[in-house]
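Numbering (full-length UniProt numbering), first residue to last: 1 to 506. Don't be surprised by glycine CBs; every beta carbon is placed ideally from N, CA and C. Fair warning: this is a prediction, and the values are worked out from it, not measured in the lab. Below is one structure, written out as structure tokens; the observations come after it.
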Amino acid sequence: MNKSEELLLLKGINKKFGPVQILYDVDLSIYKGKVHALMGSNGAGKSTLMKIIAGDYTLDSGTIHLDNQLININSPGEAKSHGISVIHQELNLVKELTVSENIYLGKELTIGFGNFINSKKKALSKTKEIINKYNIQLDPLKKVKDLSIGEQQLVEILKAVSEESKVLIMDEPTAALSAEETKQLFKVITSLKSKGIGIIYISHRLDEIQEICDYVYILRDGRNVSEGLINHFSNERIIEEMVGSQIDNIFPSSDRKKGDELLRVEKIQNNILRSISFSLYEGEIIGIFGLIGAGQSEILNVLFGTKKKADGNIYVKNKLAKISSPIDAKKLGLAYVTENRKEEGLLLELGSEENMVLPSMGKFSSLGIKKQSLIKKVANDYKETLKIKLASISQPVKNLSGGNQQKVILGKWLLTGPEIILLSEPTRGIDVGARVEIYKLLDQLANESRKGIIMASSDADEVIGVSDRIFVVFEGEIIAEIDKSEATRERLMEFASGAKYLKEGV
Ligand SMILES: Nc1ncnc2c1ncn2[C@@H]1O[C@H](COP(=O)(O)OP(=O)(O)OP(=O)(O)O)[C@@H](O)[C@H]1O
Ligand SMILES: [Mg+2]
């Protein structure tokens, strides 16, 4: 790319945490009006590098130039003053305030010395200005709590660009977005590009990278391994460079046979769900697909007792089951891996093995030391299978990369030895290499260990690749059951958007 368009230049960045080196002589150039993908497996060092640019961490050695000037970034404030903005994966909005209040929160002073009412008015008119500038559909007077996650993400973006941004960092911005919301985000990105903002984009979704990025950087174990124009990088090449080897089959192709009925749901109904009925069998994986908010996670919540009781009956192994809390569900042999790392209650100061083992320890404690060491061994096996990347054995989970935290949660639940496994967005934020391992593991659990699995996911390819049967949910109802052999991405999307439903009046 044209050297004169260079905005931000990182050279020879090194970073250690304690004795452990995370980044080794990393270089990165960011250009005006371009989107730069930063790719790498979980724990490769992507977020760490971004936090250095954003002033959250200081570098050990290396240089940063902005517009050809050597700069120092020692705090988030300093990064901001240089026009570097970050959208972290976790949203930082005040739910009770409106869109415009959130965007101008903490910036009252720069708006003027007038009274609060005045500054509120000014915030509103400024917000309208930006909303128009970027052509976004958003009501500035709506409270954030009334927005979808996708809309909240847009508010985060507006907040970041409401200052004079030159460089915008997006660390997994689409992890919680629906396909529709992602489209809207991409429109905003295109508009930001045309205004000359340089964007760094982190995502584990390869199709997004192909669609929105101009240039790609690949890190492996904290080192630059490859970079270039996106046109020169097929998905296969990106994966190979990230992982260091080829991956032939992303999805396992085992021929699973279903056994006895494990779970039966009859006419589950509440304010969201409408007459949900189905059976799950041993050795079977059911995929649930729907747009965000269509009710797919509500089905899992009702099954696991995290949502107040709904009408209808649930049978576990042909026995009427009373599930009014997760405790009831666990006793009946269910486990639920939710998509939400924050609410999963990882004990942040403890290590990953301890976190995985804890919920199972109580169950086995009466059986003594031997059993405990067995559990430890199994935990260790899961750590290997899931490729959980640690700097050291005792590293607290709070310092694990996002994707690795997600793997600890998965391991923790599998260790409880459930018969029915519920999963929501199990690979969100997880890199391709580990994703393949998780798909293999799910297949093994169903095929060899005869578990029944229900997986809700907004990734159509994943649902098709992993499931035996797919239920498409629309407005709280299962409107289609599609066999794996007949499932295509287009069919799933058509049902999920309601188009098919409305057309055929099923
Ligand atoms: N504050 C910290 N203290 C110690 N180690 C840390 C700290 N922050 C990150 N690490 C370690 O640095 C490595 C890189 O983590 P980082 O979060 O940068 O990975 P990542 O590439 O963003 O991964 P992911 O795709 O999972 O988000 C990991 O091994 C992580 O455990
Ligand atoms: Mg990260």
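Along the chain, which unbroken stretches of the alpha helix (DSSP H) at least 4 residues long are found entirely within the segment 270-357?
Those alpha helix (DSSP H) runs which fall completely within the segment 270-357 and span 4+ residues are 296-304, 326-331.
With a Cβ-Cβ cutoff of 9 Å, do V397 and L358 count as a contact?
One-based indexing of the sequence shown puts residue 397 at position 397. One-based indexing of the sequence shown puts residue 358 at position 358. Not in contact: V397 and L358 (Cβ atoms no closer than 9 Å).
Taking all protein chains shown into account, do 16 or more other C-beta atoms lie within 10 angstroms of the C-beta of R435, making it buried, or fewer, making it exposed?
Counting from 1 along the sequence shown, the entry for residue 435 is found at position 435. The residue in question, R435, is buried, as its Cβ has 16 or more Cβ neighbours within 10 Å.
Over what stretch of residues does the beta strand (DSSP E) that includes V473 continue unbroken?
Mapped onto the sequence shown, residue 473 falls at position 473. Residues 469-474.
Three-state secondary structure assigned by DSSP to L109
For the purposes of this step, residue 109 is taken as the residue at position 109 of the sequence shown. Residue placement at L109 cannot be trusted, given a pLDDT of 47 that sits under 50; what the coordinates show is reported in the next sentence. L109: helix per DSSP, three-state reduction.
Comparing the CB of V432 with every heavy atom of ligand 1, is any distance shorter than 8 Å?
Stepping through the sequence shown from its first residue, residue 432 is reached at position 432. Not so, every heavy atom of ligand 1 lies at least 8 Å from the Cβ.
Taking 8 Å as the cut-off, does the segment 61-79 touch the segment 129-139 (at least 3 CB pairs, one atom from each stretch)?
Counting Cβ pairs under 8 Å, fewer than three are found: no touch.
Please classify Y382: does DSSP put it in a helix, a strand, or coil?
By one-based count along the sequence shown, residue 382 stands at place 382. Here Y382 carries a helix assignment [DSSP, helix/strand/coil].
Assigned secondary structure, K267 (DSSP; H/G/I helix, E/B strand, else coil)
Taking the sequence shown and counting its residues from 1, one reaches residue 267 at position 267. K267: strand per DSSP, three-state reduction.
Do you know how far the Cα of S194 is from the Cα of Q153?
If you number the sequence shown from 1, residue 153 lands on position 153. If you number the sequence shown from 1, residue 194 lands on position 194. A direct Cα-Cα distance of roughly 20 Å separates Q153 from S194.
Between L332, S394, E180, which has its C-alpha nearest S324's C-alpha?
Residue 324 sits at position 324 when you count from the first residue of the sequence shown. Checked all of L332, S394, E180; the closest Cα to S324 is L332.
When the Cβ atoms of the segment 143-152 are set against those of the segment 81-99, are three or more pairs found closer than 8 Å?
Touching, yes.
Nearest residue (CA-CA) to P252, options E156, V466, S485:
The count along the sequence shown starts at 1 and reaches residue 252 at position 252. Check the Cα spacing between P252 and each of E156, V466, S485: the tightest is with V466.
Could you spell out the range, first to last residue, of the beta strand (DSSP E) harbouring Q405?
As a first step, residue 405 must be located in the sequence shown, where it is residue number 405. Note, Q405: premise wrong, no beta strand (DSSP E); alpha helix (DSSP H) at 402-415.
Measuring alpha carbon to alpha carbon, tell me which residue in I314, I131, L38 is nearest F233.
In the sequence shown, residue 233 corresponds to position 233, counting from 1. For F233, the nearest C-alpha among the options comes from L38.
Give me the DSSP bridge partner(s) of H65.
Here residue 65 refers to the residue found at position 65 of the sequence shown. Note: H65 sits in a beta bridge opposite L9, L70.
Using the beta-carbon count (16 or more within 10 Å), is S125 buried or exposed?
In the sequence shown, counting from the first residue as 1, residue 125 sits at position 125. With fewer than 16 other Cβ atoms from the protein chains shown falling within 10 Å of its own Cβ, S125 counts as exposed.
Do V489 and A176 have their CB atoms nearer than 9 Å?
If you number the sequence shown from 1, residue 489 lands on position 489. If you number the sequence shown from 1, residue 176 lands on position 176. The identity of residue 489 in the sequence shown is Arg, whereas the question assumes Val. Cβ distance not < 9 Å, so R489 and A176 don't count as in contact.
Pull up the distance between the alpha-carbon of K16 and that of I22, whole angstroms please.
One-based indexing of the sequence shown puts residue 16 at position 16. One-based indexing of the sequence shown puts residue 22 at position 22. Each residue's Cα considered, the two are about 5 Å apart.
Which residue spans inside the segment 169-209 form an unbroken alpha helix (DSSP H) run of at least 4?
Taking only runs of at least 4 residues, the alpha helix (DSSP H) segments lying wholly in the segment 169-209 are 179-194.
For the segment 420-484, list the alpha helix (DSSP H) runs that are entirely contained and at least 4 residues long, ordered along the chain.
Considered as a whole, the segment 420-484 harbours 432-447, 460-466 as its complete alpha helix (DSSP H) runs of no fewer than 4 residues, in chain order.
Quick check: what's the CA-CA separation for S401 versus I87?
Position 401 of the sequence shown, counting from 1, holds the residue named residue 401. Position 87 of the sequence shown, counting from 1, holds the residue named residue 87. Put simply, the backbone Cα of S401 is about 16 Å away from that of I87.
Could you check if D221 belongs to the surroundings of ligand 2, using beta carbon to heavy atom distance under 8 Å?
Numbered from its first residue, the sequence shown carries residue 221 at position 221. False, no ligand heavy atom lies under 8 Å from that Cβ.
Assess, as a yes-or-no matter, whether the segment 311-328 is touched by the segment 257-274 under the definition of 3 or more beta carbon pairs within less than 8 Å.
Enough Cβ pairs lie closer than 8 Å, so yes.
Does DSSP put A391 in a helix, in a strand, or in coil?
One-based indexing of the sequence shown puts residue 391 at position 391. A391: coil per DSSP, three-state reduction.
Sheet register partners of N14 (DSSP bridge)
By one-based count along the sequence shown, residue 14 stands at place 14. Note: N14 sits in a beta bridge opposite S61.
Would the beta-carbon of Q406 fall within 9 Å of that of I375?
In the sequence shown, counting from the first residue as 1, residue 406 sits at position 406. In the sequence shown, counting from the first residue as 1, residue 375 sits at position 375. It is not a contact, given that the beta carbons lie outside the stated cut-off.
Counting C-beta neighbours from all protein chains within 10 Å, is the total for L8 16 or more, i.e. buried, or is it exposed?
As a working note, residue 8 is residue 8 in the sequence shown. Answer is buried; the Cβ neighbour count reaches 16.
Taking the alpha-carbon of D255 as reference, which of K440, I388, I71 has the nearest alpha-carbon?
What you label residue 255 is simply residue 255 of the sequence shown in a count that begins at 1. Ranked by Cα distance from D255, the options K440, I388, I71 are led by K440.
For T385, which residues of its own chain have a beta-carbon under 7 Å away from its beta-carbon, when the five flanking residues on both sides are left out?
Stepping through the sequence shown from its first residue, residue 385 is reached at position 385. Only E437, L441 meet the Cβ criterion.
Just the C-alpha distance for I288 and E425, rounded to the nearest angstrom, thanks.
Stepping through the sequence shown from its first residue, residue 288 is reached at position 288. Stepping through the sequence shown from its first residue, residue 425 is reached at position 425. C-alpha separation (whole angstroms): 10 Å.
Assess contact between the segment 191-205 and the segment 165-180, defined as three or more Cβ pairs (one per stretch) separated by less than 8 Å. Is contact present?
The segment 191-205, when compared against the segment 165-180, does touch it at the 8 Å Cβ threshold.
Does the beta carbon of A44 fall short of 8 Å from some heavy atom of ligand 1?
Translated into positions along the sequence shown, residue 44 becomes position 44. A44 Cβ: within cutoff of ligand 1.
Indicate whether the contact test is met: 3 or more Cβ pairs, each with one atom in the segment 225-243 and one in the segment 273-288, closer than 8 Å.
Between the segment 225-243 and the segment 273-288, the count of Cβ pairs shorter than 8 Å is below three; the stretches do not touch.
Between the Cα of K389 and those of V408, I103, S373, spot the shortest distance and give me the residue it belongs to.
The residue you call residue 389 lines up with position 389 of the sequence shown. Of V408, I103, S373, the residue nearest in Cα terms is V408.
Taking the straight line between their C-alpha atoms, what separation do you get for G40 and Y24?
Within the sequence shown, residue 40 is the residue found at index 40, counting from 1. Within the sequence shown, residue 24 is the residue found at index 24, counting from 1. Rounded to whole angstroms, the gap between the alpha carbons of G40 and Y24 is 14 Å.
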